[in-house]
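One structure is given here, and the rest of the page talks about it.
2 protein chains.
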Amino acid sequence: MSLKNNNKTDATTEEKIVEAARKLFTEKGFDAVKTRDIADEAGINLALLNYYFRSKKKLFEIITKENFGHFILIISEIVNDKKTSIRQKIEILVANYIDMFSINPDMPLFVLSHAKHYAQEMKIREKFMDSYFLKQVQKAIISEEIKPIDPTNLLFNIMGLTIFPFAGRHIFQNKNGITKEQFTALMQDRKKMIPIWIEAMLKAKS
Amino acid sequence: MSLKNNNKTDATTEEKIVEAARKLFTEKGFDAVKTRDIADEAGINLALLNYYFRSKKKLFEIITKENFGHFILIISEIVNDKKTSIRQKIEILVANYIDMFSINPDMPLFVLSHAKHYAQEMKIREKFMDSYFLKQVQKAIISEEIKPIDPTNLLFNIMGLTIFPFAGRHIFQNKNGITKEQFTALMQDRKKMIPIWIEAMLKAKS
DNA sequence: GTCTATAATTCGATAGAC
DNA sequence: GTCTATCGAATTATAGAC
């Protein structure tokens with residue numbers, strides 16, 4: 430994104446199309462969004478979409494790479510930090526994910542929905558498996574600070590507690606459910622609680 | 430479903446169409462599935478689909494009601510049982526969900542993806558909030574057996590730990606990831622561990 | 001009930017004027 | 001670069017024969 434054009438009115442046509450596509454694709458996925466919807470949302474003519482991006486699929490792949498990129502970046506830049514403890518890594522990981530999803534709450538479901546066709550290159554599990562974080566965990570298991578746990582199950586737990594509320598929020602956020610404000614407050618609460626809960630799980634005896 | 434016709438070869442045309450629709454819609458959602466795909470999968474002519482079900486949308490709504498129905502039934506029939514403890518309820522709930530999702534691993538992502546438009550009548554949070562289970566939890570909080578927790582956060586935790594691995598399995602199950610067999614084994618492991626983990630979380634001090 | 005053929009519509013993409 | 005007009009393919013749905 431150009432430094433000059435970071436608000437919507439000043440944005441170039443190309444940027445307006447990407448912004449519209451980002452919003453709609455992330456919210457509804459590939460098939461449910463029509464090129465005409467994107468053109469309308471961007472306030473431009475349908476023909477311009479193909480002029481700039483050749484096809485719907487090419488445009489979609491830009492958004493997919495963005496979303497998967499943001500998703501994987503958070504985990505990548507945390508798990509190999511030599512200076513932080515297990516607990517600190519979990520705190521930062523959870524806080525960063527919750528902050529990102531609070532801004533873009535449709536991203537989690539987008540990633541889950543498109544993982545089958547686009548997660549091959551993401552290698553999220555491989556990055557986790559080869560991480561310094563996991564070495565710290567294994568060391569803590571050997572020294573009996575925490576109980577043995579399958580690394581994949583640990584990854585499921587961290588991600589499940591963090592991501593699920595966003596991916597499933599429409600189950601709970603409806604006319605008889607919680608409000609957007611209540612949801613936001615709960616997520617802030619979870620930022621603090623999830624690391625505490627995970628630590629308790631890691632010390633629980635089976 | 431008729432008692433006489435519960436295998437695919439003996440199934441009536443109507444049942445064959447529903448079975449094909451169930452498989453494809455649950456796996457891919459509404460927009461990605463074409464009526465021709467359903468007709469092919471069912472081994473019938475395209476025109477018969479409209480003859481029996483009038484439209485693609487009507488057929489889709491049958492499958493949606495099925496999936497949401499199965500999803501909600503498990504929680505409904507467990508949380509108000511006066512005879513079981515908190516721990517037993519969590520054990521049964523987790524085991525029933527994992528057993529169902531092991532047979533139908535696409536159901537969780539289907540439910541999450543379509544919750545925005547179809548979860549209004551489901552009232553999963555309301556059922557949880559009004560449940561005997563939650564009364565047991567509140568009693569246990571007062572007697573200081575467990576630490577205070579927001580009920581919605583407890584629901585997020587139980588569902589997140591149980592459902593997320595299935596909803597996100599394509600992130601982990603790919604050519605560099607875990608095999609289907611490893612995944613199945615992990616889920617069986619989690620059936621035992623999740624109740625233990627949740628109990629530990631409920632006793633963790635903030 | 002089931003099929004073939006086709007109508008009706010939607011949708012992605014492009015031609016060509018400005 | 002941007003627009004109008006339209007093409008052509010894909011897709012849902014239906015008419016009508018058997």
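Going down the list, the sequences are from chains P and L. Using my numbering, the first residue of the first sequence is number 430, and each one after it goes up by one. Using my numbering, the first residue of the second sequence is number 430, and each one after it goes up by one. Idealized CB from N, CA, C, for every residue including glycine.
Item                                                                                                           : Value
Uninterrupted alpha helix (DSSP H) stretches inside the region 435-500 of chain P (no shorter than 4 residues) : 442-461, 464-471, 475-482
Exposed unless 16 or more other CB atoms sit within 10 angstroms - verdict on Q517(L)                          : exposed
Assigned secondary structure, K632(P) (DSSP; H/G/I helix, E/B strand, else coil)                               : helix
Contact list for I600(L) against chain P, beta-carbon separation under 8 Å                                     : V540, L541, A544, A548, M551, I553, R554
Proximal chain L residues relative to A569(P), where beta-carbon distance stays under 9 Å                      : Neighbours of A569(P) on chain L: none; closest Cβ ~16 Å, over 9 Å.
Residue-chain proximity (M430(P), chain L), Cβ-Cβ < 8 Å                                                        : Confidence at M430(P) is low in this model, with a pLDDT of 41, below 50, so its placement is unreliable and the value that follows should be read with caution. By this cut-off, M430(P) is not an interface position.
is_contact[T464(L), chain P] using C-beta, thresh 8 Å                                                          : no
Secondary structure of T513(P), DSSP reduced to three states                                                   : coil
For K576(L), the first and last residue of its enclosing alpha helix (DSSP H)                                  : Per DSSP, K576(L) belongs to no alpha helix (DSSP H) and is neither H nor E.
Backbone CA spacing between I625(L) and L488(L) [nearest angstrom]                                             : 41 Å
Neighbour flag for T581(P) against chain L, beta carbons, 8 Å                                                  : yes
Beta-carbon spacing of I623(L), V523(L) below 8 Å                                                              : yes
Chain P contact residues for K452(L), given Cβ-Cβ distances below 8 Å                                          : Simply none; closest approach about 15 Å.
Within 8 Å, strictly: CB atoms of I587(P) and I627(P)                                                          : yes
Nearest-angstrom Cβ-Cβ length linking T493(P) and L478(P), presumed shorter than 8 Å                           : 17 Å between Cβ atoms; not a contact.
Where I532(P) falls, given that 16 or more other Cβ within 10 Å makes a residue buried                         : exposed
Cutoff 7 Å; reference I501(L); Cβ partners in own chain excluding five residues on either side                 : M551, I553
Three-pair Cβ contact test at 8 Å for the region 589-601 of chain L versus the region 537-544 of chain P       : yes
Contact belief for I473(P) with T442(P) at Cβ below 8 Å, rounded distance in angstroms                         : 6 Å
Nearest to S484(P) (by Cα), restricted to the options D559(P), A450(P), D510(P), N525(P)                       : A450(P)
Identity of the residue in D510(L), I504(L), K564(L), I575(L) nearest T591(L) by Cα                            : I504(L)
Rounded separation between L631(L) and L584(P) - CA only                                                       : 20 Å
Reduced DSSP secondary structure (H/G/I, E/B, other) of Q528(L)                                                : The question names Gln, yet the displayed sequence has Asp at residue 528(L). D528(L) falls in the helix class under three-state DSSP.
Three-way DSSP call (helix, strand, coil) for K568(L) in this model                                            : helix
C-beta neighbour in chain L for M536(P), strict 8 Å                                                            : no
CB contact check: L502(L) to chain P, cutoff 8 Å                                                               : no
For I515(L), the nearest candidate out of D535(L), A633(L), L563(L) (CA to CA)                                 : L563(L)
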